[in-house]
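Novice:
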Amino acid sequence: MTQRLPAFIAQVAPVETDAVWRLQTHWTFAPWLTVVLISSAAALVIYCYARERTPAGAWYRSLLGLLRLATIAMILVMLSELLLAGTRSGRPRFGWIFDLSGSMSVTDSLSQADAPSRLDKVKQKLLEDDAAIVRGVGGQYDMDALTLGATQQPLASAADQLPDAIETLRADPDAMTRLGDAVQSMVERSAGPAPQAVVVWTDGRNTAGRSLSAAADAARRAGTQLFFIGVGAEESPPDIVLSDPLADEVVFVDDILSLGATLRVKGDLKTPVRLTLRQEGESTPLAEQTLNPSTDAATPVQLLHRPTEPGDYRYVIEAAPVEGERDADNNRVAFDVQVRKAHVRVLLAAGYPMYEFRYLKSLLGRDTTVALQTYLQESDLQYATSDQTAIQRFPLRRRDLDQYDVVVLLDVDPQLLPRSVWSELAGFVSEDGGGLVMVAGTRYLPWAYRRYEDFQSLSPTRLDTAPLASRTPPDQYLLRPTPLGMQSSSFQLGDNPRDSQSIWRRLTALNWAADLGEPKPAAQVLAVHPSRTTAEGRPLPLVATQYFGAGQVLMHGFDSSYLWRKRVGDVYFARYWVQTLRRLAHGRLKRDDRGWELAVERGEYERGEPVRVRLRTPDGGVREAAVLLQPESGPQQRVELSPSAVRPGVLETDLEDLPAGRYRVLLAGADSESVSATFEVVNPPGEFAQLEMNAAGMRAAAERTGGAFYRLDEAQELLANLPEAQRVPIESLPPIELWNRWWMLAGICGCLCAEWILRKRKAML
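According to full-length UniProt numbering, the sequence shown is numbered sequentially starting from 1.
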């Protein structure tokens, strides 16, 4: 029963409303059982009157049966508590969302100075043909409008008022796009029913708040269809992005400092990118590089610099802006580097007086930046007393190894050393940050080392995959650096990477190579044999390295680098070895005299990310310590460290809610600034980081809710594809109880009395 009810039933005067009425009961029996009961009762009544012996005719008995059935029906109505439930319905809601964020203020045409902005294009489309789109929607729906800028603001939404309100819209260049928040707010903003549809005029770039997919899920649960009108170019304007800065935090004076980054280019770039390395605050370039990167591909950047004075420096790599680029803030990366003036303490140990040992001993002994000690297994008793650099015994304990920064092992006989020395060397590297160089030779390495487990853990290659043969034939070849090797400072033999590559191709050929086995997954292969391969078919690694805890291990598969001296003297031989030893000693530079090291996980954090600071102590006995947090501007803070629950010997803390800026953490009470670390907190990517229209995201959100996505020039199709307006319930009306009416009881009594009187007239019992 819908719309109008007889006034005598509802006992109310008929009113012109949008009310919808329906019958409801509280009957708890199953439908099939209800049918069985009613059918059985009707059959019993009919049977009884049909079989009853009486002078009354058939029509008289039928009338009595109908009265009995009416009585039963009214009793069942009362037992079921029959009532009328009513709801008042109205026109469905329709939501408008207008994006006024910063990206809507940009123009997509770079050639026209007076080109309209994205928001201007939206306004033109909405107001054309006397606001046909707005008035077409207003004829079917009750409308709500919302603007999305720095805050969400309601807009006059009546069909005759909305066009005037649209004409006054202005974009806020500083506002972030919280598109997901706006959609969910429109869906959930009132206590009434959710809008049947919401149309969003935007470029689809969500830069803050709830994601668009999460808002689409909320709209789908509410039964709201989302329609997106996309505005903006689908190809981004030219933009250069430098990221992922990579450089050593601590280096020696006169080291080659390699500063790397990743270059990405968006949009159509027609000119090369010029990169410049400078010291912050200085205008003189330290190095330059020109690249022709591919669009949307990551291009590695590497610039070299040799610092000549000790101190703390901040270097910056900058990319020159290109024509049409709007955001130049992402064109630079910065590096904080500490330059130290110190000696590299080296222990050079060899199994026998091979040529590699002799030339290295002579070279390092003359270098004033190296403090050298040597150990030779096959030597006479007078060797240690006749040579100022020689020692009588190989240091067997970590406390003895601690006096060195780097240990170089040239084909040492492992049987002449106790097995425990390899675990001590492992601790020297992993815990103390020491460097270890292992050079293969024709007698022992790698074949004699296969059974030493501690040594195999140090090795960057799997020695168990190396051939068992103890000798390999002579082999004339040119060492071939890998692309990864050419990024290492050890392989920079020239003034720039191009010169270095040319020098490596001109060096004297080596005459022997050992098969070191397959590289480990975490190892870095820096140079390979030009023609030989491993058992698995990979190029044979001849220079491989791996980080082992706090230190680094390097392995050579040849023992004839001294041949690089031919015709040029010590130039390249010395440059390679000195740079390699300094590189391996960097792990010791980060510690003070007690072996304490302070570090952060990354050099750059986004605002809001916690910064974890860790202090590593050599013996693990320190339970309390503090650091000083020094911002670039402002007072320093003291922060207490607590022991790590998962890292023995490590104290740590998390620095949270730091504003954007550069920071330095120092160990409180330390005698030296060597126990320090630097990092930078940056703002997250801004509103103008990606300016191309996010068509894919808007299309996915629309399809998830059963809506559609249109480009701005297709916006007229919105009217034809909107869902059919369906009236929605607005409120529930008070129910009308039919079972609890006086006329219901009167009807039962009347039927019973009428049946009794009629039966008495025919003398029926």
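In this text, a Cβ means the ideal position worked out from N, Cα and C, and glycines have one as well.
Near S430, which residues of its chain fall below 7 angstroms by C-beta distance, leaving aside the five closest residues on each side in sequence?
Specialist: These residues qualify, in order along the chain: F548, G549, A550 and G551.
Novice: Within its chain, find whatever has a CB closer than 6 angstroms to the CB of A599; leave out the 5 residues flanking it on each side and keep chain order.
Specialist: Only R614 and A677 meet the Cβ criterion.
Novice: By how many angstroms is the C-alpha of K270 removed from the C-alpha of P293?
Specialist: Approximately 10 angstroms, taken between the alpha carbons.
Novice: Rounded to whole angstroms, what is the Cα-Cα separation between T276 and L291?
Specialist: So the alpha carbons of these two residues sit roughly 11 angstroms apart.
Novice: Nearest CA to the CA of I72: which residue from I748, R699 and W422?
Specialist: Considering only alpha carbons, the answer is I748.
Novice: Taking three-plus beta-carbon pairs below 8 angstroms as touching, is the stretch 185–203 in contact with the stretch 88–103?
Specialist: Touching, yes.
Novice: Closest to P238 by CA distance: which of V187, G138 and T295 is it?
Specialist: When each option's Cα is compared against that of P238, the closest is T295.
Novice: Beta-carbon within less than 6 angstroms of G532's beta-carbon, same chain only, minus the 5 sequence neighbours each way: which residues are those?
Specialist: Sequence inspection shows Arg at residue 532; the Gly mentioned does not correspond to that position. Hits under 6 angstroms: L540.
Novice: For A754, which residues of its own chain have a beta-carbon under 8 angstroms away from its beta-carbon, when the five flanking residues on both sides are left out?
Specialist: Excluding sequence neighbours, A754 sits near L67.
Novice: How many angstroms separate the CA atom of A13 from the CA atom of M744?
Specialist: Note that A13 scores a pLDDT of 38, beneath 50, so its modelled location is shaky; the value from the coordinates is reported in the next line. Distance between the alpha carbons of A13 and M744: 20 angstroms.
Novice: Based on the DSSP secondary-structure assignment, which residues constitute the bridge partners of L277?
Specialist: DSSP lists A287 and I317 as partners of L277.
Novice: What would DSSP say about P734, mapped onto helix, strand or coil?
Specialist: P734: strand per DSSP, three-state reduction.
Novice: Looking at C-alpha atoms only, which residue of V134, L179 and A165 is the closest neighbour of T151?
Specialist: With distances taken between Cα atoms, T151 lies closest to L179.
Novice: Name the DSSP beta bridge partners of D336, please?
Specialist: Paired residue(s): R314.
Novice: So, under 8 angstroms CB-CB, V665 and L712 are touching, yes? Tell me the CB distance rounded to an integer number of Å.
Specialist: About 51 angstroms separates the two Cβ atoms, so there is no contact after all.
Novice: Does DSSP put R699 in a helix, in a strand, or in coil?
Specialist: The answer is helix: DSSP assigns R699 an H, G or I state.
Novice: How long is the line joining the alpha carbons of Q476 and A527, rounded to whole angstroms?
Specialist: Computed Cα separation, rounded: 16 angstroms.
Novice: Quick one: complete beta strand (DSSP E) runs, 3+ long, within the stretch 12–54?
Specialist: Listed in chain order, they are 19–24.
Novice: Can you give me the Cβ contacts of T534 inside the same chain, cut-off strictly under 8 angstroms, excluding the 5 residues immediately before and after it?
Specialist: Only T465, D515, G517, E518, L540 and P541 meet the Cβ criterion.
Novice: Determine the extent of the beta strand (DSSP E) in which E606 is found, giving its start and end residues.
Specialist: It spans E604 to E606 - the beta strand (DSSP E) in which E606 sits, taken as one unbroken run.
Novice: Rounded to a whole number of angstroms, what is the C-alpha to C-alpha distance between A58 and R759?
Specialist: Answer to the nearest angstrom: the Cα atoms are 13 angstroms apart.
Novice: Just tell me which of Y710, F252 and E282 has its CA closest to the CA of E309.
Specialist: If we check each option's Cα against that of E309, F252 comes out closest.
Novice: Grouping DSSP H, G and I as helix and E and B as strand, with all else coil, what is E597?
Specialist: Reduced to three states, the DSSP call for E597 is strand.
Novice: For V137, name the three-state secondary structure that DSSP assigns.
Specialist: Note: V137 maps to helix in three-state DSSP.
Novice: Measuring CB to CB, does L651 end up less than 7 angstroms from L641?
Specialist: Against a cut-off of 7 angstroms, the Cβ pair of L641 and L651 comes out as a contact.
Novice: Using alpha carbons as the reference points, say which of E323, T207 and V187 lies closest to N683.
Specialist: Selected option, being the one with the closest Cα: T207.
Novice: Would you say L155 and A145 are within 7 angstroms of each other, going by their C-beta atoms?
Specialist: Yes, these two residues count as a Cβ contact at 7 angstroms.
Novice: Does the pairing of the stretch 599–613 with the stretch 571–578 give three or more beta-carbon distances under 8 angstroms?
Specialist: Because the criterion of three Cβ pairs below 8 angstroms is not met, the stretch 599–613 and the stretch 571–578 do not touch.
Novice: Could you check what DSSP says for P684 in three-state terms: helix, strand or coil?
Specialist: Correct three-state label for P684: coil.
Novice: Between D411 and M354, which are expected to be in contact by the criterion C-beta below 8 angstroms, what is the C-beta distance as a whole number of angstroms?
Specialist: Between M354 and D411 the Cβ distance is about 7 angstroms, and since that is below 8 angstroms, they are a contact.
Novice: Check whether the stretch 28–45 and the stretch 701–710 are in contact - that is, three or more C-beta pairs closer than 8 angstroms.
Specialist: No, they do not touch.
Novice: With a CB to CB cut of under 8 angstroms and the five nearest residues on each side skipped, what residues in its chain are close to P418?
Specialist: So the qualifying residues of the chain are L396.
Novice: Among the residues of its own chain, which have a CB less than 8 angstroms from the CB of T25, if the five just before and after it don't count?
Specialist: Excluding residues within five positions, the ones whose Cβ falls inside 8 angstroms are S80, E81, L82 and L83.
Novice: Is residue 819 buried or exposed, if buried means 16 or more other CB atoms sit within 10 Å of its CB?
Specialist: As shown, the chain starts at 1 and ends at 765. That puts residue 819 outside it, with no answer to give.
Novice: Given 8 angstroms as the limit, is there contact between the stretch 494–506 and the stretch 552–563, that is, 3 or more CB pairs closer than that?
Specialist: Cβ pair count under 8 angstroms is below three, so no.
Novice: Alpha carbon to alpha carbon, how far is T262 from T299?
Specialist: Their Cα atoms are separated by approximately 6 angstroms.
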